[in-house]
Every structure is written in structure tokens, then in C-alpha cells.
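A.B. asks: Pasting a structure here, questions to come.
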Amino acid sequence: MKKKIYLDYAATTPIDPRVLKIMSPYFSEKFGNTMSLHSLGQEAKQALEKSRETIANLIAAKSDEIIFTSSATESNNLALKGIAFANQDKKNHIIISSIEHPCIMESAKWLETKGFEITRLPVDKYGLVDPENVEKAIKPETILVSVIHASNEIGTIQPIEKIGKICKKKKVYFHTDAAQSFGKIPLDVNKMKIDLLTTSSHKMYGPKGAACLFVRKEVKIEPILHGGSHEKGLRSSTINIPAIIGFAEACKISQKEMKTENERLTKLRDKLIKKILKTIPNSYLNGHSKKRLSNNANFWFEFVEGESIVIQLDLLGIAASTGSACSSAKLEPSHVLLAIGLKPQQAHGSLRLSLGRWTKEKEIDHLLEVLPKVIKKLREISPFKKN
Amino acid sequence: MKQIGLYTKKVIEHFQKPHNMGKIKNPDAVGQAGNIICGDTMQLYIKVKKNKQGREIIKDASFETLGCVAAIATSSVITDLIKGKALEKALEFDKAEIVKELDGLPPVKVHCSVLAVDALYEAIYDYFKKKKKKIPEKLSKIHQRIKKEKKEIKKRYKEWEKNEEEMYKKIINEKTKK
């Protein structure tokens, strides 16, 4: 097989050609600045507001509750820091889970140095947060609870509605990072009692450089970017119109295709998981077998190292990802895998395969043929091989 | 110099077809090293023979490594480079030789070459010890450092596990307090 097989959709997705087509006039014809008074500017402004409405619709929010940003990282920074500083006169406590994306983990760590108190909730072996733990951790000083909707690494989907209801009852803001789940799982910010929600365009076949933060109207929040008062003063920066237009189109497509796509991917994912566990000795699934994103499969293999697996797969034309220390810039194993109870040497042998819109069954079949050989070969190099 | 993704062509060649892989039958000495930074491990096996001048030469070498591409490639290269070397020459081995032989490593991966060199030192140490020879001071110091680092890895792993446990305990304590 010559064509590359992309199984790293959780890292980023290729843009849908339908999205690219819609974006193209906004680079050179409809290029106006939304803050300009002339018709070119106003045309851009109108397109922006229409996009806002589309995205709001996808999560049952009002359109003026959508703040456009450049990335999920920026949205998450705005959520944590913006809420922390806007409410610090009375309270100083923030609760997060121990399996958040690094942008939440690091923002929280930074807030700790500024005098805020952070509680990091443990998760069970599947990566699930116990809503009861959320309730117990909330104190009179608590400002915000932030729990990732679906894990970018192990795909585990949290009981977000239960956590939302607890936060509502306790009168604490609730933020969820839905960068991985948005467009894949139906979201309703009212039903789920969500006050802030992060999304990202490039994880759902839109362009990079667009994302948003839903901020419920009554939420007290401060900007982290100051300037020309774009986005209700919450996020100054010239609006990236082409990217936002693309983001909105990607939302429309996802909304329309969500159900059938989920069914298709779930079937492929389950086949992948079942076969790998069966054909590769000493292989284990990370995360929950059912409560997981339809496109995510994550394993660990004994006696091999993940970066070696990823590079070997790459040489065979397959793109995947790992939580091994060897692959990270910090040379530390994935905090998510450690939080679900994996020992560092187990996280060392982890592999994430994430599927998407263009994943075909024959690609999965090809991977299933190749991967056992890759693992076998690497184990032969290892001193722990079984003779 | 050709690059294939993250690594040079040379690295990839060694990774895909490692030289001198596996155990040697009846090795004269074994060196084991663990990478303090990322947790990779390596075993280096050597066979030593005296040449006509009576100098002890590394006649054969092989390895087993659990680790990343760089760890495997550096393991493979070092076994090539030390074959035929006199023991005292091998003691002067520098990790830069490995990096050079591989046409370079990504900066974040240079530490992997330390793993291979440490395994070599440990193998020579093991040989001297087995032969009840006087261990040169330099080698003895290196051995102590490697031993200390192995302890630190163990400690670090234990701490990782302890941190997890403590986090759970804290939550349970908070629960019982209420």
C-alpha cells in the first residue's frame, strides 16, 4: 500500500474540501476587517455574525455567548485565567481533573504561583472523574470547576451533565474543554449546565487558527488580550475571518453527519480494539471500552517503547501517536496515562490510533496486518523478550 | 546528509536493521544501563580475547535495548564501533563518536547516546570484576555514578507511584472530613 494512512485525527484533521471551498473568497475578495465602517468591512462583519450563530446553534447557546479565539489553548487559557482574575476578590479556589490537556494543567499551575489554590481531581482506571469527588472538593472559596469533556489521549467521555448539575447546585462556574468532542458528541450547554465551553476548528475538519469559547451571559470573566475591544472586549485581535468562516462550515457538516459518522467510526474502532487485543500478546486497552470517543483507540504494549512504534509505523506509511516519555519535549510520560494508574514503564509502550472522516475499513485492515509485526520486531530487540 | 522525518537516514538504517542484535553465547561480560531521563534500558554483551601482544581486545559485542529509535540506533552503532577495540581504548570512548557516526541526533535525543556509553562502561567494569582485575579509578567512579542514577530512577518511579497514591488519599481524607 503506497498511500499514507492517517490515524492521528486527534492531533489534527485535514480540512474538508467543502470547507476550503467556502473559505477561499474570504482571503482575497471578501478580505475586509470586521471593525471597518465601509462595506467591505461590514460584509466581513456580517459573515462573522452568521458564523457565530451557526456555532452557537450546535451547542444550544445564544450567538452573543460565543467568543472567537485562535485555538483551544487560547480558549482554555481565557477560561481559567479570565475567570480566576475576574472573581479573585472573594474566592481563590479552582478544581480541575488530573487528565486535562496541558494548556489547562499549565494554566492552573501558573495560577497557583499567583496565589490561587488548585485541586486536581483523581480519575479511575478508565480515566473517569467521579462526580461525587467534584461535589466533595467544592468549598466556599471555589470559583470554577474545569473538566475535559472527552480525553484527547484516551478518549474517555466524562459524565459532564452530572458534574454540571453539581456545579449549578453549588453555584460554581463549570467549564469543559470540548476540543475533542465538539462535532462528535451532541452538546447542549443548557441541559448539561455548562457555563464555559472550549471548542476547536482543526479537530473537526476546519482550518487551524480558529476556535471559540462559549461564555454564558451572566458569567464574570476578564480578557487576557487587551486592545481594540473585539469580541465584546473579551478578546481583542483582528478577526481571522477565513478561518472562522471555515470553522462554521465545518460545524454545519459535522452537525449533519454526526450520527452516521459516529456509527461508522464506532464499528471501525471496536473492530480495531478487538483485533489488536487478540492478535498482539501482552497488549492492553487504555480508557473505557464504551464511554469513549468513537474515533479513539489507545493501547499499551509490554516490552516496547512507543516512539519506536510510531516511527516504525511512519516508515510503513501509517501516522499514529504515543504518550511515551521518549516522544515528549519534557521527556516525561503522559500525565493522563499515569493518572489512570499506568506505571511509567507501561506508559512507555503506549500507542494512540485516532480515526476520522476519511478512514476506510481497508486501512484499518492494513494496520491490523502490520502492527503485530512491528511490535514483534521491536520486542525482539528488547532485553525483556520472552524466549 | 539525508533526513527521514525526525532522524537521519543512518539512524533509520540502524533502527530498521540493527547490527549485532541479541545475546552472545557465553559472553565474558554484560553491561546494563537504564536511561535516567526517559526510562529506556539496554544490555550490552561483550566477548574479550587477548591479541598476539597480549592486549585484551573486544572480540565481539551485541546488545538488547528497550527504547526509542535513537536508543536502538545508538546501541547498534556502539557495538560496531567497539569491536576490535582494546579494552583500555574502549574506556576512552566518547558519546560524540556515536552521534557523529549517525550523522547527528535531534538535540532532545542526544542523551540517548549516553545510555549506550554507560552500558559499555558497565560491561568493561563487569569484565574487570569477573577477572578480579584492578579497576581503574575513572571506571570505578563512572560505575558509582551509574549505580546512583539507577537508584534515582527507581526512586523517581516510586515517587510517581506515591504521588498518585497521595492524591487519592487526599481526596478520601477530604471525603471523610465532611
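Going down the list, the sequences are from chains A and B. Counting from 1 along the first sequence, just add 158 to a position and that's the residue number in this note's numbering. Counting from 1 along the second sequence, just add 10 to a position and that's the residue number in this note's numbering. Beta carbons are placed, not taken as given, at the ideal position from N, Cα and C, and that holds for glycine. Note that this is a predicted model, so its numbers are computed, not measured.
1. Taking 8 Å as the limit between beta carbons, can you name the residues of its chain near F542 of chain A, skipping five residues before and five after?
2. Thinking C-beta only, is K378 of chain A closer than 7 Å to A244 of chain A?
3. Under the three-state reduction of DSSP, which class applies to Q26 of chain B: helix, strand or coil?
4. To test your reading of the DSSP string, which unbroken alpha helix (DSSP H) runs of 4 or more residues are found completely within the region 160 to 210 of chain A?
5. Contact between the region 23 to 39 of chain B and the region 66 to 82 of chain B: three or more CB pairs below 8 Å?
6. Could you check whether the Cβ of P172 of chain A sits closer than 7 Å to any Cβ belonging to chain B?
7. Run down chain B in chain order and give the residues with a C-beta less than 7 Å from the C-beta of Q503 of chain A.
8. Starting from M11 of chain B, find everything on chain A with Cβ-Cβ shorter than 7 Å and list it in chain order.
9. In chain B, which residues lie with their C-beta within 9 Å of the C-beta of D335 of chain A?
10. Distance cutoff 7 Å, beta carbons only. Does H506 of chain A sit that close to anything in chain B?
11. How long is the line joining the alpha carbons of I522 of chain A and L426 of chain A, rounded to whole angstroms?
12. Do S233 of chain A and A369 of chain A have their C-beta atoms within less than 7 Å of each other?
13. Spell out whether any CB of chain A is found under 7 Å from the CB atom of Q53 of chain B.
14. Determine the direct distance from the alpha carbon of T89 of chain B to that of L76 of chain B, and round the result to whole angstroms.
15. How is Q503 of chain A classed by DSSP in three states: helix, strand or coil?
16. So, does the region 164 to 175 of chain A touch the region 354 to 363 of chain A, judging by three or more C-beta pairs under 8 Å?
17. May I have the straight-line CA-CA distance separating L471 of chain A from L529 of chain A, to the nearest angstrom?
18. Smallest Cα separation from E463 of chain A: which of A:S452, A:K448, A:T480 and A:L474?
19. Can you tell me which of the three DSSP states R510 of chain A falls into?
20. Just to confirm my understanding: we take L269 of chain A, look at its own chain, exclude 5 residues before and 5 after, and list those with CB closer than 8 Å. What are they?
21. Can you pull the chain B neighbours of E465 of chain A, defined as C-beta to C-beta under 7 Å?
22. Taking 7 Å as the cut-off, decide whether the C-beta atoms of I224 of chain A and R210 of chain A are in contact.
23. Tell me the start and end of each unbroken alpha helix (DSSP H) in the region 105 to 132 of chain B that is at least 4 residues and wholly inside, in chain order.
24. Which whole-angstrom value describes the C-beta separation of I134 of chain B and A100 of chain B, a residue pair presumed to lie in contact below a C-beta threshold of 8 Å?
25. Between B:P116, B:V109, B:K140 and B:G94, which has its C-alpha nearest N61 of chain B's C-alpha?
26. Which residues of the region 322 to 334 of chain A have a Cβ closer than 7 Å to any Cβ of chain B? Give them in chain order.
27. Closest to P139 of chain A by C-alpha separation, out of A:E201, A:D335 and A:K249, would be which residue?
28. Does the beta-carbon distance from L54 of chain B to G64 of chain B come in below 7 Å?
29. Confirm, please, whether the CB-CB distance from H29 of chain B to S86 of chain B is below 7 Å.
30. Would the beta-carbon of G445 of chain A fall within 7 Å of that of N453 of chain A?
31. So, for D166 of chain A: in the same chain, excluding its five sequence neighbours on each side, which residues have a beta-carbon less than 7 Å away from its beta-carbon?
32. Let's test the definition: count the other Cβ atoms within 10 Å of the Cβ of G15 of chain B and tell me whether it reaches 16, buried, or not, exposed.
33. Shorter than 7 Å from the beta carbon of I82 of chain B to some beta carbon of chain A?
34. Where does L423 of chain A sit, in a helix, a strand or coil, going by DSSP?
35. Can you list the residues of chain A that T75 of chain B reaches, using a CB-CB cut of under 8 Å?
36. Any Cβ of chain A within less than 7 Å of the Cβ of P117 of chain B?
C.D. replies: Let's see:
1. The residue you call residue 542 of chain A lines up with position 384 of the first sequence. Only E460 and F461 meet the Cβ criterion.
2. Taking the first sequence and counting its residues from 1, the one referred to as residue 244 of chain A is at position 86. Taking the first sequence and counting its residues from 1, the one referred to as residue 378 of chain A is at position 220. A contact, by the Cβ cut-off of 7 Å.
3. Here residue 26 of chain B refers to the residue found at position 16 of the second sequence. Of the three classes helix, strand and coil, the one that applies to Q26 of chain B here is helix, per DSSP.
4. 175 to 181 and 183 to 186
5. The region 23 to 39 of chain B, when compared against the region 66 to 82 of chain B, does touch it at the 8 Å Cβ threshold.
6. Sequence index remark: in the first sequence, residue 172 of chain A carries index 14 (1-based). Chain B, which has no Cβ nearer than 7 Å to the Cβ of P172 of chain A, makes this no.
7. Within the first sequence, the letter at position 345 stands for residue 503 of chain A. Chain B residues near Q503 of chain A: G49.
8. Stepping through the second sequence from its first residue, residue 11 of chain B is reached at position 1. Ordered by position in chain A, no residue passes the 7 Å Cβ test against M11 of chain B, which lies about 18 Å from the chain.
9. By 1-based counting over the first sequence, the position of residue 335 of chain A is 177. Near D335 of chain A there are no residues of chain B at all, since even the closest Cβ is about 20 Å away, more than 9 Å.
10. Position 348 of the first sequence holds residue 506 of chain A. Yes, H506 of chain A counts as interfacial toward chain B.
11. The residue labelled residue 522 of chain A in the question sits at position 364 within the first sequence. The residue labelled residue 426 of chain A in the question sits at position 268 within the first sequence. So the alpha carbons of these two residues sit roughly 7 Å apart.
12. Translated into the one-based positions of the first sequence, residue 233 of chain A becomes position 75. Translated into the one-based positions of the first sequence, residue 369 of chain A becomes position 211. In this structure, A369 of chain A lies closer than 7 Å to S233 of chain A by Cβ.
13. Translated into positions along the second sequence, residue 53 of chain B becomes position 43. Closer than 7 Å: yes.
14. Within the second sequence, residue 76 of chain B is the residue found at index 66, counting from 1. Within the second sequence, residue 89 of chain B is the residue found at index 79, counting from 1. So the two alpha carbons sit approximately 16 Å from each other.
15. Taking the first sequence and counting its residues from 1, one reaches residue 503 of chain A at position 345. If DSSP states are grouped into helix, strand and coil, Q503 of chain A belongs with the helices.
16. yes
17. Position 313 of the first sequence, counting from 1, holds the residue named residue 471 of chain A. Position 371 of the first sequence, counting from 1, holds the residue named residue 529 of chain A. C-alpha separation (whole angstroms): 8 Å.
18. Residue numbering aside, residue 463 of chain A sits at position 305 when the first sequence is read from its first letter. The residue with the shortest Cα to Cα distance from E463 of chain A is A:T480.
19. In the first sequence, the residue the question calls residue 510 of chain A occupies position 352. Strand at R510 of chain A.
20. Taking the first sequence and counting its residues from 1, one reaches residue 269 of chain A at position 111. Answer for L269 of chain A: L238, K239, A242, I252 and I276, listed in chain order.
21. Position 307 of the first sequence holds residue 465 of chain A. Chain B residues near E465 of chain A: C78 and V79.
22. In the first sequence, residue 224 of chain A corresponds to position 66, counting from 1. In the first sequence, residue 210 of chain A corresponds to position 52, counting from 1. Closer than 7 Å, so yes.
23. As far as the region 105 to 132 of chain B is concerned, its whole alpha helix (DSSP H) runs of at least 4 residues are 105 to 111.
24. Looking up residue 134 of chain B in the second sequence gives position 124. Looking up residue 100 of chain B in the second sequence gives position 90. Sure, about 6 Å apart at Cβ, within 8 Å.
25. Your numbering for residue 61 of chain B matches position 51 in the second sequence. Nearest of B:P116, B:V109, B:K140 and B:G94 to N61 of chain B, Cα basis: B:G94.
26. Against chain B - using a Cβ distance shorter than 7 Å - the region 322 to 334 of chain A contributes no residues.
27. Residue coverage of chain A in this structure runs from 159 to 545, which leaves residue 139 of chain A outside it and unanswerable.
28. Here residue 54 of chain B corresponds to residue number 44 of the second sequence, with the count starting at 1. Here residue 64 of chain B corresponds to residue number 54 of the second sequence, with the count starting at 1. Not in contact: L54 of chain B and G64 of chain B (Cβ atoms no closer than 7 Å).
29. As a working mapping, residue 86 of chain B is identified with position 76 in the second sequence. As a working mapping, residue 29 of chain B is identified with position 19 in the second sequence. It is a contact, given that the beta carbons lie within the stated cut-off.
30. Residue numbering aside, residue 445 of chain A sits at position 287 when the first sequence is read from its first letter. Residue numbering aside, residue 453 of chain A sits at position 295 when the first sequence is read from its first letter. Cβ atoms of G445 of chain A and N453 of chain A: not closer than 7 Å.
31. Within the first sequence, numbered from 1, the residue matching residue 166 of chain A stands at position 8. Excluding sequence neighbours, D166 of chain A sits near A477, A478, S479 and S512.
32. Numbered from its first residue, the second sequence carries residue 15 of chain B at position 5. Exposed: under 16 other Cβ atoms inside 10 Å.
33. To locate residue 82 of chain B, count along the second sequence from 1; it is residue 72. Yes, contact with chain A.
34. Walking along the first sequence from the start, residue 423 of chain A turns up at place 265. In the structure shown, L423 of chain A sits in a helix (DSSP, three-state: H, G or I).
35. Working through the second sequence from its first residue, we reach residue 75 of chain B at position 65. Here the neighbours are I539, S540 and P541.
36. The sequence position of residue 117 of chain B within the second sequence is 107, counting from 1. Not an interface residue.
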